[in-house]
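Visitor: Quick one: the structure is below, questions incoming.
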Amino acid sequence: MRGPKPTVMAPPIRFRGIPRRSRVLVYALLCICIISLLPRFDFGIGRTLLFFLVSPQFAGRYEGGGGRGVDILQYVDPLIGTTNGGHVFPGASLPYGMAKAVADTQSPAENAAGFVSDSNPVLGFSHMHDSGTGGQPSLGNFPLFVHPGCPDDDFKKCAYTVMERAVNRTTDSAFAAPGYFTINLTNSVRAEMTVTEHTALYRFSFLNVNDGEVSVIDKESDADAPKTSQVPYSPLILIDLIDLMNSRYMGGIQVYNSSGRVIGEGSYSPSFGSGQYQAFFCADFRGAKIRKTGTFVGPDVTEGVDFLDSEKGHVPTGSAGAWIQFEKPLQGDEIMARVGVSFMSVDKACENAEEEIADWSFERVESDARKAWRTKLEVIEVDGTGVDDDLLTTFWSGLYRTLLSPQNYTGENPLWNSTEPYFDSFYCIWDSFRAQHPLLTIIDPDTQTDMVRALIDIYRHEGTLPDCRMSFCKGFTQGGSNADIVIADAYIKSLRSNINWTTAYEAVISDAEVEPPNWGSSGRGNLEAWHHVGFIPVDDIDRNGSGPASRTVSRGVEYAYDDFAISLLASALGKPLDAAKYSRRAANWRNYWNPSQRDLFRVPDTPDGDLSSSNFTGFMQPRQLDGSFKYQNTRSCSPIHNQHGCYYDTGLQTYEGSPWLYSFFVPQDMSSLISLMGGPQNFVERLTYFHTSGISYMGNEQGFLPVFQFHYASRPGLSSFWAREHIPSLFNASVNGIPGNDDCAMGAFSAFAMMGFFPVAGQDVYLLIPPFFRQVRIKAKEKGKWATIRVRNFDPDRKRIYVQSATLNGKKYTKSWMTHDIFLKGGTLEFVVGEEESKTWGVRDEDLPPSYQPIGLQDGDEEDEEDEEERRRKYAQLVYGNLDD
Ligand SMILES: *[C@@H]1O[C@H](CO)[C@@H](O)[C@H](O)[C@H]1NC(C)=O
Ligand SMILES: *[C@@H]1O[C@H](CO)[C@@H](O)[C@H](O)[C@H]1NC(C)=O
Ligand SMILES: *[C@@H]1O[C@H](CO)[C@@H](O)[C@H](O)[C@H]1NC(C)=O
Ligand SMILES: *[C@@H]1O[C@H](CO)[C@@H](O)[C@H](O)[C@H]1NC(C)=O
Ligand SMILES: *[C@@H]1O[C@H](CO)[C@@H](O)[C@H](O)[C@H]1NC(C)=O
Ligand SMILES: *[C@@H]1O[C@H](CO)[C@@H](O)[C@H](O)[C@H]1NC(C)=O
Ligand SMILES: *[C@@H]1O[C@H](CO)[C@@H](O)[C@H](O)[C@H]1NC(C)=O
Ligand SMILES: *[C@@H]1O[C@H](CO)[C@@H](O)[C@H](O)[C@H]1NC(C)=O
Ligand SMILES: *[C@@H]1O[C@H](CO)[C@@H](O)[C@H](O)[C@H]1NC(C)=O
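Sequential numbering from 1 applies to the sequence shown in the UniProt record's numbering.
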């Protein structure tokens, strides 16, 4: 069924003058009439309809197309995660789009993606961003800034530099929808923006225009009693060569005084990596006659000097650029700006702009963007009957965010010529391998295939796979070489076409075998030790390469899992010897297990911080080459103990997480881990303690899998319980509704959990819980087929959250996990749920998700202590010379 007709959605002009509260009543009545005319609409949809009828911003932005007559885009709120460290990019973008336009705000430590939902002023509007990242702000090159006019009609009296020009936004005026962003500023400028692949289109309108003057709120006035002044109506638009983190060190700009075209370039630093990148733009304007043009360098403004070039010494770092002052707009108080961007050349930037937006039609561009988003999201259908609208918004917005990045820079790669696709902003794979890439594998397998091809092409040309990569530069590797997992996952889930598996295999083997000289930005470090002794000693001497010699525990457990992924790939590619070799290395996590390590901590709020301990013994701990363990507090770098102590190079032996957390990271062999932890019951107690004690942190991707690991101890119901504890309390539809940096991955966690399954990335395994909806349908790879997941006796009140029994394609299904098959061929998984945990479903050994012991080694047949000692001795001799000397 199609949705309500667009004419219903655009509020008739005459209603716009009615005060909002009365408008709600008017529309509520109208709505009830409409609903009563449409018998198949249930109440949930009715409420939704009401929601966008009363918001003029929504007018025309949504139309039919989603399942059951609702436009799913109305459930996408791009502003979610724009405070509280989410660092989400809320502006206009296409799926994976390179052009990403938004207002950049002066929000220290928060504006990694440009815009923040706070009250800080706006610095300009820029055309490229990264979404959800930590660290320094990314991109944000070539911001535009708009003055409605200059005091005393003197262009020198306008503010030019980023420090001076910042202007407040009108409270609550920011609004975002897929492919669209708008905000009003207190200088009477309203900015709207939309994009194509490589071009941003802006519509600036001028409010409060009267008799050739515009009234502007004075910057120095008090927000509670704002003073206004008048400026002559003669808009001045500047374009600055600066980027968000002020990293530019070269650049040039040219403004053409007759056409108004502005072109330019700059060289910048990547936000979480090393090296430099160059970017180019080409801006054109429509809607007003040019009065004056000029340039500025810092606060020095000149008319008639239309060219700056750093090679001629014109452009130091910081703010510098060009400006155009216009007559008042020809009609409608509007000026449009079209900004093409490129990483290749100015010519390519102009070509992108001219090809993509020849018609200057804001409505057409915006509508195309909406269509592109709808097409991507329509592969999923959700029956939201009875479910809170906020939950639907959490779900769809999370899905939307996972499609913002990696960004498609195909055709924009200046580094090499290739017929392969090029994707960038893998930011970082350490974050994204766990949920984002597995989600894309299901909902957008073709693009995930392109991304894998891009990774392999990067290997082909640069010699290593990336972990982190942005703006054509190598980023910093946070842990293991986790691209190995992404690549293995692709093969296992049948993303085969056009991927050269010979090269793919070569790439992952190179991660496992060859240490790059700088392993801080690709591959792995301490590989000789890894190969010889099976762990990374804290006192290792690495003669093969350099990188931050920290994180020996977390890198080690990740290397083990990377090797496991390689063993699965080797096995699938028919290489049994390699499969056995890497499956043995996959067991190296055991070498970090200190069985007698107690969980000591200082009791908060006691006078001297009394020392106490929980009853859990046995943790992953750092080790020295002589085999002894070194102590790292089991809770350090969790939210309750020194949370920020574990970054890239902060010396501790785990990365962004505690030994508590890393002690659960054995996705390849949970059954052995559970034995070490004292059996299923102790394991469940421990995992429960992890979730209740404040040690767990859902604001980072490592927090995802432990929510579902109860499955491995025959308690899948507890996974359902904990998923529901976190959604919506930590993942919700508020602007602060993401517990940490989004990384385009947080939404994948909530989306998976709500659909009722969670991937164990790198394996053909999805852990099952009852979905948060009555039914979810996902388009399968085979044409015309759907994967359907359904709850027979669904309970919108979330009391019946435990699976009692299940059927898969009509047959009884007792396993607590499923394979990817359903997403290839389609199928129906149906749950019956109840208020108590089932004692039969998913509890028997044969129903548990798989655990893998090393190939060729039976249980209890491990290489013995003596053997390890011997290997350590030999290796020590190798790196330290003869120990007896
Ligand atoms: C922003 O400006 C537009 C255009 O004048 C206006 O319709 C809208 O109400 C403004 N929004 C806010 C929140 O002031
Ligand atoms: C601009 O915003 C800041 C931060 O909210 C506020 O302190 C200041 O008073 C505002 N200025 C005006 C003129 O509204
Ligand atoms: C416009 O630019 C051209 C070429 O740089 C220059 O010759 C001309 O004087 C300029 N015109 C004005 C009005 O500044
Ligand atoms: C790519 O090919 C073009 C055309 O042959 C050439 O001009 C350019 O230098 C090549 N780029 C690289 C990075 O090799
Ligand atoms: C990536 O960009 C290229 C070049 O613009 C385009 O042909 C391709 O369809 C894009 N792929 C996706 C998944 O958007
Ligand atoms: C895959 O790459 C290898 C080089 O690693 C090359 O020899 C082979 O021809 C490629 N295969 C295909 C199908 O392109
Ligand atoms: C370390 O360097 C040695 C000497 O160049 C080389 O033989 C060995 O293969 C390297 N090891 C790794 C893991 O790269
Ligand atoms: C440890 O176990 C003892 C005895 O079972 C119990 O009394 C105590 O509360 C436990 N301590 C913690 C921190 O759970
Ligand atoms: C939404 O999520 C945020 C961040 O995780 C959390 O702080 C907030 O309390 C949640 N809000 C609601 C209403 O649950």
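In this text, a Cβ means the ideal position worked out from N, Cα and C, and glycines have one as well.
Taking buried to mean at least 16 other C-beta atoms within 10 Å of its own C-beta, is ALA109 buried or exposed?
Guide: In the sequence shown, the residue the question calls residue 109 occupies position 109. ALA109 is exposed by the Cβ-count criterion.
Visitor: Can you tell me where the beta strand (DSSP E) with ASP300 in it begins and where it stops?
Guide: Counting from 1 along the sequence shown, the entry for residue 300 is found at position 300. Per DSSP, ASP300 belongs to the beta strand (DSSP E) from 300 to 303.
Visitor: Give me the Cα-Cα distance between VAL301 and VAL341, rounded to the nearest whole angstrom.
Guide: As a first step, residue 301 must be located in the sequence shown, where it is residue number 301. As a first step, residue 341 must be located in the sequence shown, where it is residue number 341. Rounded to the nearest angstrom, the two C-alpha atoms are 25 Å apart.
Visitor: Residues near ligand 1, CB to any non-hydrogen atom under 5 Å, in chain order?
Guide: Qualifying residues come out as THR170, SER173, ASN184, ARG190, LEU207.
Visitor: By DSSP, does CYS282 sit in helix, in strand, or in coil?
Guide: As a first step, residue 282 must be located in the sequence shown, where it is residue number 282. In the structure shown, CYS282 sits in a strand (DSSP, three-state: E or B).
Visitor: What are the boundary residues of the beta strand (DSSP E) that SER614 is part of?
Guide: Residue numbering aside, residue 614 sits at position 614 when the sequence shown is read from its first letter. Looking at the DSSP string, the run of the beta strand (DSSP E) that includes SER614 is 611 to 620.
Visitor: Looking at the secondary structure, which residues open and close the beta strand (DSSP E) in which TRP593 lies?
Guide: Your numbering for residue 593 matches position 593 in the sequence shown. Here the beta strand (DSSP E) through TRP593 covers 593 to 602.
Visitor: CB of ASN417 to nearest heavy atom of ligand 4: below 8 Å?
Guide: For the purposes of this step, residue 417 is taken as residue 417 along the sequence shown, with counting starting at 1. It does: the Cβ of ASN417 is within 8 Å (strictly closer) of some heavy atom of ligand 4.
Visitor: Measuring alpha carbon to alpha carbon, tell me which residue in LYS292, TRP501, TRP323, LYS156 is nearest LEU144.
Guide: Locating residue 144 in the sequence shown gives position 144, where the first residue counts as 1. Nearest C-alpha to LEU144: TRP323.
Visitor: Confirm, please, whether the CB-CB distance from SER583 to ILE855 is below 9 Å.
Guide: Sequence index remark: in the sequence shown, residue 855 carries index 855 (1-based). Sequence index remark: in the sequence shown, residue 583 carries index 583 (1-based). Yes.
Visitor: Since I believe ALA358 is in contact with VAL339 (beta carbons under 8 Å), could you give me their beta-carbon distance rounded to a whole number of angstroms?
Guide: Here residue 339 corresponds to residue number 339 of the sequence shown, with the count starting at 1. Here residue 358 corresponds to residue number 358 of the sequence shown, with the count starting at 1. Wrong, their Cβ atoms sit about 15 Å apart, outside the cutoff.
Visitor: Which residue from ARG790, HIS198, GLU836, LEU652 puts its Cα closest to that of SER126?
Guide: On the sequence shown, residue 126 is found 126 positions in, with the first residue counted as 1. That would be HIS198, whose Cα lies nearest to the Cα of SER126.
Visitor: Whole alpha helix (DSSP H) runs in the stretch 395 to 473 with 4 or more residues, listed along the chain?
Guide: Entirely contained in the stretch 395 to 473, the alpha helix (DSSP H) runs reaching 4 residues are, in chain order, 429 to 432, 436 to 443, 445 to 462.
Visitor: Out of VAL346, ASP388, ASP368, which has the shortest C-alpha to C-alpha gap to PRO414?
Guide: Within the sequence shown, numbered from 1, the residue matching residue 414 stands at position 414. Residue VAL346 is the option with its Cα nearest to PRO414.
Visitor: Ends of the beta strand (DSSP E) at GLN230?
Guide: Within the sequence shown, the letter at position 230 stands for residue 230. Its beta strand (DSSP E) spans residues 228 to 232.
Visitor: Entirely within the stretch 470 to 546 and at least 4 residues each: give me those alpha helix (DSSP H) ranges in chain order.
Guide: Entirely contained in the stretch 470 to 546, the alpha helix (DSSP H) runs reaching 4 residues are, in chain order, 483 to 492, 501 to 513, 527 to 533.
Visitor: Can you check whether the C-beta of VAL666 is within less than 9 Å of a C-beta belonging to chain C?
Guide: Among the chains of the structure shown, chain C does not appear; only one protein chain is present.
Visitor: Note down the Cα distance separating ILE789 from LYS376, rounded to an integer number of angstroms.
Guide: To locate residue 789, count along the sequence shown from 1; it is residue 789. To locate residue 376, count along the sequence shown from 1; it is residue 376. Cα to Cα, the separation comes out at about 20 Å.
Visitor: Could you tell me the alpha carbon to alpha carbon distance between ALA751 and PRO517, rounded to whole angstroms?
Guide: Residue mapping note: residue 751 aligns to position 751 of the sequence shown, counting from 1. Residue mapping note: residue 517 aligns to position 517 of the sequence shown, counting from 1. Cα to Cα, the separation comes out at about 39 Å.
Visitor: Around ligand 9, what residues have a beta-carbon under 7 Å from a heavy atom of it, in chain order?
Guide: That query returns the following residues: ASN84, PRO728, SER729, LEU730, PHE731, ASN732, SER734, ASN736, GLY737, ILE738, PRO739.
Visitor: Is GLY449 near ligand 6, going by C-beta to nearest heavy atom under 8 Å?
Guide: In the sequence shown, counting from the first residue as 1, residue 449 sits at position 449. The sequence shown places Thr at residue 449, not Gly. No, since every heavy atom of ligand 6 falls outside the 8 Å radius drawn around the Cβ of THR449.
Visitor: To test your reading of the DSSP string, which unbroken alpha helix (DSSP H) runs of 4 or more residues are found completely within the stretch 280 to 362?
Guide: Runs of the alpha helix (DSSP H) inside the stretch 280 to 362: 346 to 356.
Visitor: Going straight from the alpha carbon of ILE499 to that of GLU265, what length do you get?
Guide: The count along the sequence shown starts at 1 and reaches residue 499 at position 499. The count along the sequence shown starts at 1 and reaches residue 265 at position 265. One C-alpha to the other measures close to 35 Å.
Visitor: Where does LYS812 fall in DSSP's three states?
Guide: As a first step, residue 812 is located in the sequence shown; it is residue number 812 there, counting from the start. Correct three-state label for LYS812: strand.
Visitor: Does the stretch 142 to 159 come within contact of the stretch 169 to 183, defined as at least 3 CB pairs closer than 8 Å?
Guide: No, the stretch 142 to 159 is not in contact with the stretch 169 to 183.
Visitor: Would you call HIS644 buried or exposed, if buried means 16 or more other Cβ atoms sit within 10 Å of its Cβ?
Guide: Counting from one through the sequence shown, the residue named residue 644 turns up at place 644. Under this definition HIS644 is an exposed residue.
Visitor: Less than 9 Å separating the beta-carbons of ASP444 and LEU403?
Guide: One-based indexing of the sequence shown puts residue 444 at position 444. One-based indexing of the sequence shown puts residue 403 at position 403. Closer than 9 Å, so yes.
Visitor: Confirm, please, whether the CB-CB distance from GLN653 to ARG551 is below 9 Å.
Guide: The count along the sequence shown starts at 1 and reaches residue 551 at position 551. The count along the sequence shown starts at 1 and reaches residue 653 at position 653. Contact: yes.
Visitor: Mind checking whether VAL382 and GLN775 have CB atoms under 9 Å apart?
Guide: Position 382 of the sequence shown, counted from the first residue, corresponds to residue 382. Position 775 of the sequence shown, counted from the first residue, corresponds to residue 775. A contact, by the Cβ cut-off of 9 Å.
Visitor: Since PHE472 and ASP424 are thought to touch, with beta carbons under 8 Å apart, how far apart are those beta carbons, to the nearest angstrom?
Guide: One-based indexing of the sequence shown puts residue 472 at position 472. One-based indexing of the sequence shown puts residue 424 at position 424. Contact holds; Cβ gap of about 6 Å.
Visitor: Could you give the residue range of the beta strand (DSSP E) that holds HIS726?
Guide: Here the question's residue 726 lines up with position 726 in the sequence shown. That residue, HIS726, is in no beta strand (DSSP E); its alpha helix (DSSP H) goes 716 to 726.
Visitor: In the stretch 136 to 209, which residue ranges form an unbroken alpha helix (DSSP H) of at least 4 residues, counting only runs that do not cross its ends?
Guide: Taking only runs of at least 4 residues, the alpha helix (DSSP H) segments lying wholly in the stretch 136 to 209 are 162 to 165.
Visitor: Among residues of its own chain, excluding the 5 on either side of GLY65, which ones have a beta-carbon nearer than 6 Å to its beta-carbon?
Guide: The residue labelled residue 65 in the question sits at position 65 within the sequence shown. With a pLDDT of 39 at GLY65, under the threshold of 50, the predicted position of this residue should be treated as unreliable, though the coordinate-derived value follows. If we look at GLY65 and ignore the five residues flanking it on each side, its Cβ neighbours are ASP71, ARG374.
Visitor: Is the beta carbon of ARG585 within less than 8 Å of some heavy atom of ligand 7?
Guide: On the sequence shown, position 585 is the one that residue 585 refers to. Checking the Cβ of ARG585 against ligand 7 gives no.
Visitor: Using DSSP with H/G/I as helix, E/B as strand and the rest coil, what is ARG873?
Guide: Position 873 of the sequence shown holds residue 873. Helix.
Visitor: Is ASP867 helix, strand or coil when you go by DSSP?
Guide: Taking the first residue of the sequence shown as 1, we reach residue 867 at position 867. ASP867: helix per DSSP, three-state reduction.
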